[in-house]
Amino acid sequence: MAKVHLWASLRRFADGQEVVEVEAATVGQMLDALERAHPGLGPAIKAGLSVAVDGEVIANNRAAPVKPESEVFLLQRLKGG
Amino acid sequence: MARDDVKTGYKYVGTRPNRPDGLDKVTGRARYGADFSLPGMLWAAVVRSPHAHARIVKIDASKALALEGVKAVVTRADLPTGLTGEDLNLQDNTLAGEKALYDGHAVAAVAATSQLLAQDAARLIEVTYEVLPHVTDVDAAMAPGAPVIRPGVADYSVPEGMHGNVARYMEFGHGDVEAGFAAADLVREHTYKTEATHQGYIEPHAAVGQLGEDGRGEMWVCTQGHWYIRRMSAAVLGIEAANLRVTPSEIGGGFGGKTTIFMEPLTLALSKKAGGRPVKLVMSRSEVLRATGPTASASMDVKIGMKKDGTITAGQVFFRMQGGAFPGMSPIGEALPCAFACYDIPALKHEAVEVIANRPKAAAYRAPGSPMAAFAVESMVDELCRELGLDPIEVRLKNGAKNGSKSSYGPVYNVIGLQETLEAAKAHPNYAIPLGPNQGRGVASGFWFNHGGETSVSLAVGEDGTATVMIGTPDIGGSRASIGLMVAETLGIPYEDVRVNVVETGALGVNEPTHGSRATFASGKAAVEAANQAIKEMCKRAAAEWEIDAEAVEWKDGAAHPAGPNAGKFPPMTIGEIGSKMGGSGGPISGHHEVTAGGYGASFGTHVVDVEVDPETGRTTVLRYLVVQDAGTAIHPAYVEGQYQGGAAQGIGWALNEEYVYGPDGRLQNPVFLDYRIPVASDLPMIDTVIVEVPNPGHPYGVRGVGETGITPPLPAIASAIAGATGARIRSLPCSPPKVLAAIKALKG
Amino acid sequence: MRYHTPTSFADAAAIAAGTTGTLRFLAGGTDVLVQMRAGMVQPDDLIDLKHIPGVDKIERTAEGGWRIGVAVPGIVLGGHAELVRDWPGVVEGMNLVGSTQVQGRATLAGNLCNGSPAADSVPGMVAAGAVATVTGPNGTREIPVENIPAGPGKTNLAKGEVISAITLPPRGKNGGDAYLRFIPRTEMDIAVVGCAVNLRLDGDKVVEARVALGAVAPTVLLSEACAKAIIGTTLDDAALAALAKAAEGEAKPISDKRGTKEFRIDVAGVLARRAAKIAYDRAKGTSK
Amino acid sequence: MSKIHVTTTVNGDPVEFLADPRETLLDALRNHLDLTGTKEGCGTGDCGACSVTVDGTLVCSCLMLAAEANGKRVETIEGMAKEELHPLQRKFIEHAALQCGFCTPGILVAAKALLERNPDPTDTEVRYWLAGNLCRCTGYDKIIRAVQDAAAEMRQEHRGAA
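Chains as they are written, first to last, in the working numbering: chain Y, 1 to 81; chain U, 82 to 830; chain E, 831 to 1118; chain W, 1119 to 1280.
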């Protein structure tokens, strides 16, 4: 199961958990699984998130692969200048 | 570290050929936004609010419409209703709804047969306002009693009990910061402030739009991203994006400020009302400064603990940022992860709130959020270094992020070049030059994520053996040249035989704008893939001609070569031969690649600046400036240096003189280049550069992206150099002479 | 807007006297066109003075001073070696106005009539004792330059009156002048503080002095107190300190987007000191 | 509003047009004569993107009325290259002295005016002469180098010709 790290102020929407484990093969599946497990995270996901999968930042690609042993960090949607 | 010292075996990558658009740009032929005209074209002008916050009671355009030659007026009533989220924000910013939310907010627009007539007509549109209380300062906007500008602006993230102007909240971190502070020998805590600044591109926004009764339209516009312009304009006007064709002009600078819409949809709305005649709208400089997208202003608390040997034990920040009267615009989501990105620190806590205020809707500006965060954190690190008598580069080498470090925002860094930039800065002759009286040296590092994003590129092989590459990322600073070099390298043909064109929305799949330092990275990566696809097809054609397996053909030096058991059996078949025969060998040959590009590599830089401060006037002169930055691979080193130098110059302006000045009436007091003081030629020294190359494994040529990081270190580096020269630490930008002089006098008591 | 191109100052004055709406004179145009572009002023009548014979001339007066036409741009002043030798402070003030491009157009008379307390050419003219020739419907009169501005954006000229020339007095022996301004950048800014010093020496001693301060009051100030602080001295450290103190005392600035009141007062003293030294060295002939 | 008939010479070509009395020379060049190489960056004389020469003097075309150009000789960026590029134009390309290129026409026109007055300027003289030409992309470094390299080449050619 991929380990998804929530930033601190998201944890109140996930029963205070820092890490949520989800079954997912892609970033999109991972986000969907997160929302299913913790509906309170819905607005954050809808507002737009970037994620980092095993060190690689992915701005908005739901198709990017996630491996069972992947470490995922959620980030706010990143903009560039 | 420059290309000359690194043997890469590349033939074109790393060279400095002339850019393809150079000739047009030195002869005045290049067409920018305001340079397009069409038969029957009308000119537009915009009526803007003179108030920071006001209810719009009535708009009376009858006198304007009575003028001969005035063809159309649009107000918010002409735009569709029912939009939500960011689309509604965009519409609200295009034309004010019930309320004008900042000085310069567009209220109405008019089209007429000449520019002067349109301006005359705009003056005749009478708007009745009911002025409301306003707030423009970030801290004042959160203070008890501050007027709540837009009730209900908070999103899911804002905890109960925060001020009504707070729109977003964020917190993250790791480790035990209290334990970290307890383990430190020195803990300091201060508040740092930065004022809003503007990208300051020299070309004002300009567009020509045409929209017919059938809802089909076209637009010619200066933008960093024409697909964004298309999607946003269509949303604001309630038309089908597919019916809008958007062609980007040459772009006179953007730096993030041209990644979104401001007045562009007005050309279409006016055109439709004027019977489909094309409408041109060009902003004045004061409109650009008042009503486009400056960056956020920030107020930032920083606390850092350090041991006597320079080890940083813990860090904590609380950032408050305002990005104008619209939620979601301040870069808190970027500023927080950038704050400690250069460090590997065991305990960190980051918190930020976004506040709205009666200011224009902020847009991205070169590494959005990172310069402010760097100002706060790097200034504080410098303060600790000075207090403990430590060398600022050594402290950064000791605590700096390395390959495999866990980043401050969570993920582990793959291959990064921060340490290499620090070593190069330390070894540079500038770092050893002795300083004179009233002189000081400042050091700071900076970070940007870089970006990939949605990208679509296509490449066509010509009958003459040339290649034409179609990209969708407007070329701001030489990306056509760098993409041309990579394609030349891949195809093995001369750079001059590759033509790279930025094409309109009808000619390619969707592309994100040129932002986030992604053009050379992502369009380059896709162009290389497109070239590889064409190579595969060319090998196939050669194989068919030779009647051998396609797998037994390899491509090198611009030609198909028989390989393996067939090696040497046939003379190589060049791209020119294949191209000249392609009609008869199966048809035109092209390659294309569409991807949401991943694999981008973070970029780090280290700057060293020496300044001299006039102790009697507080005026700072930059004596010498050094930029060291990891480019991954410098495809066209001259334009890499150009990005480093340009970023540094913008950062120097931010540090010393640039700021938005609002009066007590909430109006912008300096909406002209006379008083919005960007650096002029005589303000700056030559800007020395060192290109560090730690190739990014996520790109076929190791590109990281070089545009953004360079603006980040100058803010703290300059403030620290001033501290070195005077003993006075400026914690509120800009380091303007009155502020520096007051600080010097305060030291003397 | 009506655009007029009279060929004599009498005609210009007559046209001006007959207007009823907003009127502007056009010499270099570097202020008027900016105001028009910004929508601050929409003139009904614009009188271009450049078709009047002689407006582009710099001529020696019979007394040995200089008569400068109202359309002589900064770049021409700066290129006039004899004028620069006589009044380097006046010329350096004018040459600080705007960019090289602005120097191609901007004039002393225009800078004066714009009425800005921060106008870079005005303190130098005031310190030099320059006189404006004013032509009106009832003939011409001579007015000391310091009496032309009435406050920000305003002049003491009556309806129909127009400046027809600026005259600098003869330089005379052992004199020197200098102008310094403070701006945050190196170029292109409006003066936050300006100071011009014009003095004459007898041996090492200052025997005459005029000191003008810019951007520290509604109009450029001609300061008696500053002059007194250095007359009779050899501009030693005590005199310079007294001058700085006098300048600080005379300065009655406001705080605005370009600088604070406190800053302007401090810097007025600093610039007075520095400008006096340069003027002194020029009078001694030890520097240009 | 009655228009003014303006007769002038632009890049050696005689031209005439009708101008609103409020129109600037910049407006006339761009909108009446289709010479869009001269740019508007500010309209207030602060950025230099509209630099042209009038009777040989460098000015901001935004700070001059079109009517004032009557009978004058105007030179713009479009007239800079003759049969081949001016050395400044060539050196700007070679030195990568432009990024977005929007300020480039004004800077080239201004730099040409400088080198005609002063063929061997110091870096500081170049910087002060060009202080009214804002560039936001380059930090000016490569611009200064390109101007100096062009100046050196022009001095060489001049010596060769003499």
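Cβ coordinates follow ideal geometry from the N, Cα and C atoms, glycine included.
As the structure is a computational prediction, the values presented were derived from the model and not from experiment.
- For residue 152 of chain U, the enclosing beta strand (DSSP E) covers residues 151-156.
- Positions of the beta strand (DSSP E) runs, each at least 3 residues long and wholly inside the segment 575-616 of chain U, are given as 579-583 in order along the chain.
- Taken in chain order, the unbroken stretches of beta strand (DSSP E) that lie wholly in the segment 852-897 of chain E and span 3 residues or more are 853-856, 875-878, 888-890.
- Of all residues in the segment 417-448 of chain U, the ones placed with a Cβ closer than 7 angstroms to any Cβ belonging to chain Y are 418, 445, 446, 447, 448, in chain order.
- Within chain Y, 7, 8, 9 have C-beta atoms less than 8 angstroms from the C-beta of residue 252 of chain U, given in sequence order.
- At a cut-off of 8 angstroms between beta-carbon atoms, residue 212 of chain U makes no contact with chain E.
- DSSP lists U:686 as the beta-bridge partner residues of residue 527 of chain U.
- In the structure shown, residue 636 of chain U falls within a strand segment according to DSSP collapsed to helix, strand and coil.
- It is roughly 14 angstroms from the alpha-carbon of residue 10 of chain Y to the alpha-carbon of residue 434 of chain U.
- Beta-bridge pairing by DSSP links residue 135 of chain U to U:181, U:212.
- For the segment 999-1074 of chain E, the full-length beta strand (DSSP E) segments reaching 3 residues or more read 1005-1012, 1023-1032, 1035-1044 along the chain.
- With at least 16 other beta carbons inside 10 angstroms of its own, residue 305 of chain U counts as buried.
- Collapsing the DSSP output to three states places residue 423 of chain U in coil.
- Beta-bridge annotation (DSSP): residue 301 of chain U is paired with U:289, U:328.
- Judged by DSSP in its simplified three-state form, residue 249 of chain U adopts strand.
- Taking 8 angstroms as the cut-off, the Cβ atoms of residue 206 of chain U and residue 128 of chain U count as close.
- The C-beta separation of residue 885 of chain E from residue 900 of chain E comes to about 5 angstroms, placing the pair in contact by the 8 angstroms criterion.
- Close CB contacts of residue 923 of chain E within its chain, under the 6 angstroms cut and outside five residues either way in sequence, are with 950, 951, 954, 1009 (chain order).
- With a cutoff of 8 angstroms on beta-carbon distance, residue 135 of chain U and residue 154 of chain U are scored as not near each other.
- Residue 486 of chain U is outside the set of residues whose beta carbon lies under 8 angstroms from a beta carbon in chain Y.
- Inside the segment 1227-1259 of chain W, DSSP marks no whole beta strand (DSSP E) run of 3 or more residues.
- Residue state for residue 906 of chain E is assigned as helix, using DSSP reduced to three classes.
- About 6 angstroms separates the beta carbons of residue 74 of chain Y and residue 51 of chain Y, which is inside the 8 angstroms limit, making them a contact pair.
- For the C-beta of residue 367 of chain U, the chain E residues within less than 8 angstroms are, from N- to C-terminus, 868.
- Taking residue 210 of chain U as the centre and dropping the five residues before and after it, the same chain places the C-beta of 132, 135 closer than 6 angstroms to its C-beta, in chain order.
- Linking residue 370 of chain U to residue 343 of chain U through their CA atoms gives a straight-line distance of about 12 angstroms.
- At a cut-off of 8 angstroms between beta-carbon atoms, residue 863 of chain E makes contact with chain W.
- Nearest to residue 1195 of chain W by C-alpha distance, out of W:1152, W:1262, W:1246, W:1188, is W:1152.
- Our two residues, residue 643 of chain U and residue 652 of chain U, have alpha carbons roughly 8 angstroms apart in a direct line.
- Residue 161 of chain U: not part of any alpha helix (DSSP H); DSSP gives it neither H nor E.
- Spanning the alpha carbons of residue 422 of chain U and residue 1246 of chain W requires a straight line of approximately 39 angstroms.
- Contacts with chain Y at 8 angstroms (Cβ-Cβ) do not include residue 383 of chain U.
- Here DSSP, grouped into helix, strand and coil, assigns residue 73 of chain Y to strand.
- 928, 929, 930, 931, 932, 934: these are the residues of the segment 912-934 of chain E whose beta carbon lies less than 7 angstroms from some beta carbon of chain W, given in chain order.
- DSSP lists U:193, U:361 as the beta-bridge partner residues of residue 124 of chain U.
- By alpha-carbon distance to residue 30 of chain Y, the top candidate from Y:77, Y:81, Y:1, Y:55 is Y:1.
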